[in-house]
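Participant: Structure in structure tokens, see below.
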Amino acid sequence: MRFSVSAEAARARLPTMTGDTPGGARTDDPAREGGYRTPTVRPQILYPLFAPVEQLPAVGPKVARLIEKVAGPRVVDLLWHLPTGMIDRRYRPQLADAEPGRHATVHVCVTAHRAPASPRGPHRVIARDGTGELQIVYFRAKGDWLQRTYPVGAEVIVSGMVDVYNGQAQITHPDYVVPAGREGEIPAIEPVYGLTAGLQAGRMVKAAAAAIARAPALAEWLDPALVAREGWPGWREALVNAHTPTDPDRLGPQSPDRRRLAYDELLANQVALLAVRASQRRRPGRILTGTGTLQAKIQAALPYSLTGAQTVALSEIAGDLAAPTKMLRLLQGDVGSGKTVVALLAMAIVVEAGGQAALLAPTEILARQHLETLEPLARAAGIRVALLTGREKGRLRSGILLGLADGSIQIVLGTHAIIQNDVAFRDLALAVVDEQHRFGVEQRLDLAAKGAAVDTLTMTATPIPRTLQLTAYGDMDVSRLAEKPPGRKPVDTRAVALDRLEEVVGAIGRKLDRGEKVYWVCPLVEESEVTDLASATDRYEALAARFGERVGLVHGRLKGPEKDAAMAAFAGGTVDLLVSTTVIEVGVNVPAATVMVIEHAERFGLAQLHQLRGRVGRGDRKASCLLLYSDRLTGVARQRLKIMRQTEDGFVIAEEDLRLRGAGEVLGTRQSGLPETRVADLDRDGDLLAIARDDARLILDRDPGLTSERGQAVRILLYLFERDAAIRYLRSG
Ligand code: ADP
Ligand code: MG
Numbered sequence: 055m056r057f058s059v060s061a062e063a064a065r066a067r068l069p070t071m072t073g074d075t076p077g078g079a080r081t082d083d084p085a086r087e088g089g090y091r092t093p094t095v096r097p098q099i100l101y102p103l104f105a106p107v108e109q110l111p112a113v114g115p116k117v118a119r120l121i122e123k124v125a126g127p128r129v130v131d132l133l134w135h136l137p138t139g140m141i142d143r144r145y146r147p148q149l150a151d152a153e154p155g156r157h158a159t160v161h162v163c164v165t166a167h168r169a170p171a172s173p174r175g176p177h178r179v180i181a182r183d184g185t186g187e188l189q190i191v192y193f194r195a196k197g198d199w200l201q202r203t204y205p206v207g208a209e210v211i212v213s214g215m216v217d218v219y220n221g222q223a224q225i226t227h228p229d230y231v232v233p234a235g236r237e238g239e240i241p242a243i244e245p246v247y248g249l250t251a252g253l254q255a256g257r258m259v260k261a262a263a264a265a266i267a268r269a270p271a272l273a274e275w276l277d278p279a280l281v282a283r284e285g286w287p288g289w290r291e292a293l294v295n296a297h298t299p300t301d302p303d304r305l306g307p308q309s310p311d312r313r314r315l316a317y318d319e320l321l322a323n324q325v326a327l328l329a330v331r332a333s334q335r336r337r338p339g340r341i342l343t344g345t346g347t348l349q350a351k352i353q354a355a356l357p358y359s360l361t362g363a364q365t366v367a368l369s370e371i372a373g374d375l376a377a378p379t380k381m382l383r384l385l386q387g388d389v390g391s392g393k394t395v396v397a398l399l400a401m402a403i404v405v406e407a408g409g410q411a412a413l414l415a416p417t418e419i420l421a422r423q424h425l426e427t428l429e430p431l432a433r434a435a436g437i438r439v440a441l442l443t444g445r446e447k448g449r450l451r452s453g454i455l456l457g458l459a460d461g462s463i464q465i466v467l468g469t470h471a472i473i474q475n476d477v478a479f480r481d482l483a484l485a486v487v488d489e490q491h492r493f494g495v496e497q498r499l500d501l502a503a504k505g506a507a508v509d510t511l512t513m514t515a516t517p518i519p520r521t522l523q524l525t526a527y528g529d530m531d532v533s534r535l536a537e538k539p540p541g542r543k544p545v546d547t548r549a550v551a552l553d554r555l556e557e558v559v560g561a562i563g564r565k566l567d568r569g570e571k572v573y574w575v576c577p578l579v580e581e582s583e584v585t586d587l588a589s590a591t592d593r594y595e596a597l598a599a600r601f602g603e604r605v606g607l608v609h610g611r612l613k614g615p616e617k618d619a620a621m622a623a624f625a626g627g628t629v630d631l632l633v634s635t636t637v638i639e640v641g642v643n644v645p646a647a648t649v650m651v652i653e654h655a656e657r658f659g660l661a662q663l664h665q666l667r668g669r670v671g672r673g674d675r676k677a678s679c680l681l682l683y684s685d686r687l688t689g690v691a692r693q694r695l696k697i698m699r700q701t702e703d704g705f706v707i708a709e710e711d712l713r714l715r716g717a718g719e720v721l722g723t724r725q726s727g728l729p730e731t732r733v734a735d736l737d738r739d740g741d742l743l744a745i746a747r748d749d750a751r752l753i754l755d756r757d758p759g760l761t762s763e764r765g766q767a768v769r770i771l772l773y774l775f776e777r778d779a780a781i782r783y784l785r786s787g
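Read left to right, the sequence shown gives residues 55 to 787 (our numbering).
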């Protein structure tokens with residue numbers, strides 16, 4: 055649950071976007087916005103922990119690669135790779151009493167060897183103590199090694215899992231065997247770690263022990279009163295205890311060691327979050343009051359009137375813009391709730407006040423779609439809008455840059471391309487980030503850094519359960535569009551077994567004949583674009599063979615113009631059945647589409663299914679969603695499909711998602727700009743969150759630059775959990 059992102063991805067801090075442009079390079083540091091640049095050089099005391107695991111004794115390149123797979127590439131990753139169990143070798147029964155299924159260490163005398171009857175058969179060493187007989191079983195072991203290790207007549211100590219086979223006690227491939235008298239070489243207690251194929255338990259134990267040995271003693275960053283109240287050990291002691299538990303209780307999530315480490319991580323996250331937020335709020339905002347004229351023109355051009363929820367959200371945003379502090383507001387609204395038009399009207403306020411606005415979207419398709427829907431409305435109000443993505447190049451691009459620099463373009467819509475270094479505004483006053491969970495905190499800040507006192511509006515369709523809002527959004531203000539535009543009809547959702555594919559295709563054919571438009575989504579296969587694409591291409595070919603030119607295909611590998619052409623053909627006319635990979639997941643709006651087919655729906659998460667289904671049911675015709683599943687459904691997948699059939703309420707779905715997946719995944723990097731937690735598990739340690747938040751607030755209130763003794767210790771904590779990007783945002787002095 056905690057390691058939802060592969061270790062590699064977490065390490066690389068991959069950009070979470072799926073769009074077309076490379077992740078935004080930092081364009082500037084906060085100094086430009088009146089902050090003070092603080093050096094962010096990792097403290098020397100932590101160097102040993104951020105070295106590659108290969109530097110540990112007894113870890114060669116091959117083992118290092120395996121460790122990297124399960125834990126991560128650096129020593130510190132091993133520290134957070136906590137044991138999942140322990141082997142207690144202190145259990146030393148007589149053979150007659152040895153309980154099967156339990157690890158035991160027994161003292162026996164070797165009486166005979168029974169060589170394998172066939173080359174594949176096991177070799178058995180027969181041994182006894184005063185109470186009974188033990189067979190020590192080996193498959194494919196070298197005969198001479200066996201003879202040397204188990205000389206007949208010798209007394210040996212054997213430690214391993216005891217089982218009973220045909221009424222005979224046996225240990226297969228003991229973990230340890232030493233001559234009597236050398237018991238000391240067998241550890242009394244051993245941690246059990248999550249492994250991967252090829253990685254031996256013993257090697258992992260050794261590597262972890264070596265990593266812990268490198269952990270320095272660090273000055274306490276926690277409040278002594280809290281530590282005393284909870285009965286927590288110091289950081290290093292907690293780490294050592296968590297890795298070398300002396301009794302099973304210490305392995306449990308409630309053990310003081312694990313709670314301490316979890317709290318450390320939550321505190322690091324909260325301090326980082328609050329430092330960034332505080333730096334944003336600290337900078338004075340500007341007073342932006344609209345005249346209402348442009349807004350009125352836009353509203354007049356709308357084919358509908360705003361819902362109550364939209365009006366309320368807009369007035370909250372207007373209030374923020376008019377206030378002398380910076381806006382940091384999240385507009386949360388389920389798919390199809392109409393966030394885009396609210397964003398446009400907010401941008402219009404800014405234009406009325408003489409400023410410029412930018413809207414950042416995660417994919418090119420989405421950016422282009424925003425242009426299509428917003429441009430005519432803006433034009434009605436005399437506002438000049440431009441689109442800037444990775445595809446606007448050469449003269450076109452320089453023209454746009456010029457327009458932004460001289461202020462003749464008032465609103466820019468685009469992808470990461472608008473965060474690039476050479477994009478400058480005459481007076482950027484509002485940054486809107488659509489689908490904000492697809493971006494990191496830094497990208498938002500980068501965009502905001504392009505103006506003097508930029509207000510920020512972020513938008514998301516991914517509802518986050520209230521219980522998690524604290525971690526995800528900290529003290530961001532939230533507006534919610536709880537009400538959907540009128541006239542939406544419920545989407546008829548059904549789960550259908552994939553072996554009824556023929557029937558489904560037949561039904562789709564009838565829909566097409568009636569002039570309806572259909573999405574057909576193929577899943578991500580093993581997270582690989584290549585196989586992903588293959589499944590969509592295959593499906594496309596099969597459907598095209600049947601329905602001909604009315605079938606289109608869109609996927610992430612297509613070049614921008616091809617993608618546009620495919621989307622446009624679907625939205626506009628010639629294509630009625632669009633086969634796609636999940637590129638359409640975010641935000642795409644084709645109101646004429648009435649059917650959503652999701653192939654291998656069991657491979658999608660709830661939030662994703664909800665997003666996909668949200669693509670239909672936007673027009674006046676009755677819409678349906680077919681969830682095609684393969685027969686081997688896991689319990690969780692079955693429940694997901696059931697929930698999808700039961701409700702269309704994004705918040706209910708979010709709560710269920712949380713229940714099924716756990717907070718760790720729901721609150722991934724994608725949601726919040728927070729990294730995955732390594733030690734803390736919000737399901738178990740959620741109660742610590744509020745304490746950590748208050749603690750973080752207190753720390754930063756008292757010592758905004760983290761310069762006091764405790765402040766210095768907290769800095770180390772930030773580095774330890776790699777939240778040190780936040781250090782740049784601390785107030786100095
Ligand atoms: P989302 O919140 O998912 O971004 P959009 O902003 O794309 O949703 O809006 C979805 C659809 O709803 C669009 O076709 C839009 O024109 C329409 N819409 C938005 N507001 C209203 C409204 N007040 N009444 C009717 N339709 C609306
Ligand atoms: Mg949207």
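The C-beta atom is built at its ideal place from N, Cα and C for all residues, glycine as well.
1) Answer yes or no: do residue 660 and residue 332 have a C-beta to C-beta separation smaller than 8 Å?
2) What ranges does the beta strand (DSSP E) occupy inside the segment 273 to 297, keeping only unbroken runs of at least 3 residues that lie completely in it?
3) Does the distance from the CB of residue 264 to the CB of residue 112 come in under 8 Å?
4) Three-state secondary structure (DSSP) at residue 424?
5) Helix, strand or coil for residue 766 per DSSP?
6) With a threshold of 7 Å, establish whether the CB of residue 708 neighbours any heavy atom of ligand 1.
7) Does the beta-carbon of residue 422 have 16 or more other beta-carbons within 10 angstroms, so that it is buried, or is it exposed?
8) Could you tell me whether any non-hydrogen atom of ligand 2 is closer than 7 Å to the CB of residue 393?
9) For residue 453, I'd like the list of residues in its chain whose CB is within less than 7 Å of its CB, leaving aside the five on either flank, ordered along the chain.
10) Kindly indicate which residue of 171, 223 and 484 has the alpha-carbon position closest to the one of residue 407.
11) Only counting the same chain, and skipping five residues up and downstream in sequence, which positions put a Cβ closer than 7 Å to that of residue 283?
12) Taking residue 632 and residue 624 to be in contact with their CB atoms under 8 Å, please state how far apart those CB atoms are, rounded to whole angstroms.
13) Rounding to the nearest angstrom, what Cα-Cα distance links residue 238 and residue 193 in this structure?
14) Where does residue 341 land, buried or exposed, given buried means 16+ other C-beta within 10 angstroms?
15) Rounding to the nearest angstrom, what Cα-Cα distance links residue 292 and residue 319 in this structure?
16) Going by CA-CA distance only, name the one from 314, 279 and 224 that's closest to residue 134.
17) In chain order, what are the residue ranges of uninterrupted alpha helix (DSSP H) at least 4 long that sit wholly in the segment 460 to 504?
18) Please name the residue, chosen from 252, 130 and 417, that lies closest to residue 636 on a Cα-to-Cα basis.
19) The alpha helix (DSSP H) that contains residue 664, what's its start and end?
20) Rounded to the nearest angstrom, what separates residue 667 and residue 544 at their Cα positions?
21) Count the other CB atoms, across all protein chains shown, that sit within 10 Å of the CB of residue 605; report buried if there are 16 or more and exposed otherwise.
22) Let me know the alpha helix (DSSP H) ranges lying completely inside the segment 351 to 402, each 4 residues or longer, listed in chain order.
23) Is the Cβ of residue 172 closer than 8 Å to any Cβ of chain D?
24) Beta-carbon within less than 7 Å of residue 618's beta-carbon, same chain only, minus the 5 sequence neighbours each way: which residues are those?
25) Going by C-alpha to C-alpha distance, which of 250, 154, 230 and 329 sits closest to residue 220?
26) So which of 223, 224 and 228 has the shortest CA-CA distance to residue 203?
27) Express the C-alpha separation of residue 359 and residue 353 in angstroms, rounding to a whole number.
28) Any chance the CB of residue 488 is under 7 Å from a heavy atom of ligand 2?
29) If you reduce the DSSP assignment to three classes, tell me which class residue 145 lands in.
30) Rounded to a whole number of angstroms, what is the C-alpha to C-alpha distance between residue 671 and residue 402?
31) Using the Cα positions of residue 707 and residue 503, report the straight-line distance between them to the nearest angstrom.
32) Tell me whether residue 447 sits in a helix, a strand or coil according to DSSP, three-state version.
33) Please list, in chain order, all residues of the same chain as residue 663 whose beta carbon is under 6 Å from its beta carbon, the five residues on each side excluded.
34) Please state if the CB of residue 634 and the CB of residue 590 are separated by a distance shorter than 8 Å.
35) Buried or exposed: where does residue 369 fall if 16 or more other Cβ atoms within 10 Å of its Cβ makes it buried?
36) Specify, as a first and last residue, the run of the alpha helix (DSSP H) that residue 546 falls within.
Facilitator: According to the data block:
1) no
2) none
3) For residue 264 and residue 112, yes; Cβs fall inside 8 Å.
4) helix
5) helix
6) No, ligand 1 has no heavy atom inside 7 Å of this Cβ.
7) buried
8) yes
9) none
10) Nearest of 171, 223 and 484 to residue 407, Cα basis: 484.
11) none
12) 4 Å
13) 27 Å
14) exposed
15) 13 Å
16) 314
17) 495 to 502
18) 417
19) 660 to 667
20) 11 Å
21) A residue is called buried when at least 16 other Cβ atoms come within 10 angstroms of its Cβ; residue 605 meets this threshold and is buried.
22) Correct list: 362 to 376.
23) Given the protein chain composition of this structure (a single chain), no chain D is represented.
24) Counting only Cβ-Cβ distances below 7 Å, and skipping sequence neighbours, we find 422.
25) Distances from the CA of residue 220 to each of 250, 154, 230 and 329 were compared; the closest alpha carbon is that of 154.
26) 228
27) 7 Å
28) yes
29) coil
30) If I take the Cα positions, the gap works out to 29 Å.
31) Annotation: residue 707 to residue 503 spans about 35 Å, alpha carbon to alpha carbon.
32) coil
33) Taken in chain order, the residues that qualify are 698.
34) yes
35) Its Cβ having fewer than 16 others within 10 Å, residue 369 is exposed.
36) Unbroken run through residue 546 is the beta strand (DSSP E), 546 to 551; no alpha helix (DSSP H).
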